[in-house]
Each structure stands twice: as structure tokens, then as C-alpha cells.
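Comments concern the structure below.
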Amino acid sequence: MVDFLFAHANLPFSLALSFVLLLGLFEALSLILGYSLVGAMDNWSPIDVDIDTDGSASGFTGVSGWLCLNRLPLLIWFVLVLVSFAIGGYSSNFVSLLLIEAPLPQVFSLPIALLFTAFSCRYIGASVARILPKNESTAVSIDSLSGSVGTVTLGCAIQGKPSEALVRDQHQQKHYVLVEPDTSDAEFPSGTQVVLLARVGRVWSAAKLEK
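So in the numbering used here, the last one in the sequence shown is 212, and the numbering has no gaps at all.
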């Protein structure tokens, strides 16, 4: 069994499990010091996404939502990814050993492991999110973001072609929303700070923040 786990064909999956163990060790040490790594990673992460959207999401928001990245603490989601990747890879090589008495080349085992990881995040992640405790006191309506300041993070927003912007609510929770200028002659390149004015469907009209 040990030889199988640390075989060259299983090296990426062994590294993934090793990293999970390191994360567990760091979390235990951080809790002893009174500083949770779970909360820290959520605060540092620039990729939290808004879960209060109308209709089907697209782009980064759609992919991250499908993978449940927006429904789990980042550390838990990351551990789920690593464990799923390792299980998918080990399983494919174990089945290959049973059938042809040789592990799969990594050109086959890695895509299988990644595909298994994606579906694991989608379905197991959704199940985990449903049982995790939720802090209802910090839940906000998407419309309450009116007047908030956001930063355009992707592309260049023009009227009729919105781009994603990162906004923080009164609880300092991060939301990704779609914004477009409120005038036809304005544009918001990446990094522009804007003020949310009004929402129509999934898109906010916004004005450039004047400093």
C-alpha cells in the first residue's frame, strides 16, 4: 500500500494529500495561537463572489458558483479540492492496476482527477455548504448595496457591456456584481472605483468615484 501511495505515477496525488496534512497542522497551530486560518484565508481572498444574483451567472461568477467556491470557507473548499484530486487520481490508478497491472500515464490520470475534483466540488461542496452553520446576522439584500463603493476587477465596463466589480457591504463581506456606467460616454477600466446607483436585473448602473 505504501509503495502504491508513493509511486511515481501517484506523485501529484501524494503531494496533494501532503499539503492537506500541512494545512491541518497550520490550522491547529493557528488555533493554539488564537488565530483561525479559515477566517484569515477568507479575509485575504480576492475571489469571494456574490451569491445573491438573478438568473444564470456567467464568466468567473458562474464558474465559481458552479464549483461552490462562493458557498464554502476558502480553506474548506481548498481542502475539498486537494482531497478530491488525490482520491480521483489514486482511484484511477488503482483501477488501472487491477485491469492492466500498470498505473495510468499522468497524461490520462491527471485529467481524470481534475474532472472528479470538479464534480466533487459541485455536489459534495453543495452538501457540505448546507450543513455548515450560517451567520444570519450578516446576511444582506443585494439591493442594500446601493450607494456602496466598488472596484472594477475585470475588463472595461461601458454602457451595455457590464464588467464585474468587487463591493464590500456593511459587514465587510465581499460581493462580485456587474456594473456599467450610467452615461454612454463613460467607461470603467479595471481598477476604477465606482459608486453603485441603481440595479436593473443583474446589472448595476454606477458612477465613477470622484476623489
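We treat Cβ as the ideally placed atom computed from N, Cα and C, and that holds for glycine. Keep in mind it's a predicted model, so treat the numbers as computed, not measured.
Pair within 8 Å by beta-carbon distance, D170 and S149: Contact: yes.
Three-state class that DSSP yields for A199 in the structure shown: In the three-state scheme derived from DSSP, where H, G and I count as helix and E and B as strand, A199 is classed as strand.
Beta bridge counterpart(s) of V129 as assigned by DSSP: Looking at the DSSP assignment, V129 forms no beta bridge with any residue, so it has no partner.
Which listed residue (Y91, A103, W78) has its alpha carbon closest to that of L12: The candidate whose alpha carbon is nearest that of L12 is Y91.
Pair within 8 Å by beta-carbon distance, S121 and L81: The Cβ atoms of S121 and L81 lie closer than 8 Å to each other.
Own chain residues within Cβ distance below 8 Å of L73, not counting five before or after: Once the five neighbours on either side are set aside, the close Cβ partners of L73 are L81, G126, V129, A130, L133.
Whole-angstrom distance between Y124 and A208, CA atom to CA atom: For A208 and Y124, the distance between alpha carbons rounds to 39 Å.
Check whether L26 and A87 have beta carbons under 8 Å apart: Cβ distance not < 8 Å, so L26 and A87 don't count as in contact.
Own chain partners of S191 with C-beta closer than 6 Å, once the 5 adjacent residues on each side are dropped: Close CB contacts of S191 within its chain, under the 6 Å cut and outside five residues either way in sequence, are with V153 (chain order).
Span of the alpha helix (DSSP H), counted from its first residue to its last, around G90: Per DSSP, the unbroken alpha helix (DSSP H) holding G90 starts and ends at 75-101.
DSSP three-state assignment for L22, whether helix, strand or coil: Helix, per DSSP.
Buried versus exposed call for P112 [16 or more other C-beta atoms within 10 Å across all chains shown]: Only exposed fits P112, as fewer than 16 other CB atoms lie within 10 angstroms of its CB.
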